[in-house]
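Colleague: In my numbering, the protein residues as written are 13 to 263.
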Amino acid sequence: LGSDPASEVYVSYKKRACEAVGMRSIEIHLPDNVTQEQALDYIDAFNEDNSLHGVLIQLPAPKQIDPDALVEYLKPEKDVDGLHPLNMGLLSRGSSRAIVPCTPKGCLTLIKGVVEESLQGLNAVVIGRSNLMGKPMAQLLLKEDCTVTVVHSKTQNPEDTIRSADIVIAAAGVPQLVTASWVQEGAIVIDVGITRQETKKGSTRLVGDVHFKGVLPKVRAITPVPGGVGPMTVSSLLENTLEAFERTLNI
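1) Check each candidate in Val-231, Val-246, Asn-99, Phe-224 and name the one with the smallest Cα separation from Val-237.
2) Going along the chain, which residues of its own chain have a beta-carbon closer than 8 Å to the beta-carbon of Asn-143, five neighbours each way excluded?
3) In terms of alpha-carbon separation, which member of Leu-154, Leu-254, Gly-146, Gly-125 lies closest to Gln-132?
4) To which residues does DSSP link Arg-208 through a beta bridge?
5) Is the CB-CB distance between Ile-77 and Ile-202 below 8 Å?
6) Spatial neighbours of Pro-74 within its chain, please: CB distance less than 8 Å, with the 5 preceding and 5 following residues excluded, ordered by chain position.
7) Going by the beta-carbon positions, is the gap between Val-204 and Ile-179 smaller than 8 Å?
8) Please report the straight-line C-alpha distance between Gly-242 and Thr-253, rounded to a whole angstrom.
9) Quick check: what's the CA-CA separation for Thr-216 versus Gly-239?
10) Entirely within the segment 174–209 and at least 3 residues each: give me those beta strand (DSSP E) ranges in chain order.
11) Do Val-190 and Val-227 have their CB atoms nearer than 8 Å?
12) Go through its chain and collect everything with a Cβ distance to Val-195's Cβ below 8 Å, but skip five positions before and after it.
13) Give me the Cα-Cα distance between Glu-84 and Pro-97, rounded to the nearest whole angstrom.
14) Determine the burial state of His-65: buried for a count of at least 16 other Cβ atoms within 10 Å of its Cβ, exposed for fewer.
15) Taking Lys-166 as the reference, which of Ala-136, Glu-156, Gly-140 has the closest Cα?
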């Protein structure tokens with residue numbers, strides 16, 4: 013939807029990933045002046061096309077588009093982003109029938125790769141409460157029997173809460189918010205934030221929500237930015253698409 017440069021990069025990553033595993037992907041690029049009705053017409057066609065097993069609506073959308081309405085119009089069984097209200101509701105109930113949002117799903121996979129035993133009883137803090145990341149991440153960790161706290165922009169002294177966490181998921185969109193003094197020794201830190209920041213030389217670089225160099229010596233594991241959570245998000249998208257296909261065959 014529209015001509016967002018970052019979206020074009022993300023879509024190219026996803027298309028290459030599909031090609032690598034033998035999935036057929038189709039990109040429908042709607043112009044900046046697309047209307048809500050036109051976008052809904054496309055989704056209606058996707059819903060009725062039995063050869064399509066997964067649909068992803070790449071955001072952000074142009075200002076005249078209501079993205080929530082587009083997601084709600086999509087058949088939930090084709091919602092491989094896991095953002096349809098039905099999938100979000102199933103996730104909140106802990107149902108295995110939910111299609112789980114890709115980034116939180118990828119984060120959980122990373123955490124389980126470090127903690128080979130059960131996550132039961134571990135203290136987890138999620139920084140951020142967005143529908144795309146913070147809320148579903150908290151739900152996934154609750155399903156794993158973690159003790160979960162969500163901190164956000166209105167939380168007073170968030171560092172005091174974060175300091176007690178075994179697992180920290182930073183998804184606030186605030187560059188280098190989390191410093192070494194905010195985390196305990198041996199914590200697992202997942203950095204979801206990504207911001208393009210100008211350097212002293214006038215170029216730009218991508219930074220996360222965590223001060224990577226400062227936190228690295230102190231923790232059990234930490235994801236870099238870029239190259240940490242991003243590839244896992246794409247991997248989870250492929251997994252969700254395969255799962256959606258299998259469900260059509262009742263596998």
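Just so it is clear, CB atoms sit at the ideal spot from N, CA and C, and this is done for glycine as well. Please read all numbers here as calculations on a predicted model, not as lab measurements.
Modeller: Concretely, from the data shown:
1) Phe-224
2) Same-chain partners within the cutoff: Leu-95, Met-100.
3) Leu-154
4) Leu-218
5) no
6) Leu-13, Gly-14, Asp-44, Asn-45, Val-46
7) Between Val-204 and Ile-179, the gap from beta carbon to beta carbon reaches 8 Å or more.
8) 17 Å
9) 16 Å
10) With a minimum length of 3 residues, the continuous beta strand (DSSP E) runs that stay inside the segment 174–209 are 179–182, 200–203.
11) yes
12) Ile-174, Arg-175, Ala-177, Val-180, Val-201, Val-227, Lys-230, Val-231
13) 7 Å
14) Counting of Cβ neighbours within 10 angstroms places His-65 among the buried residues, the total reaching 16 or more.
15) Gly-140
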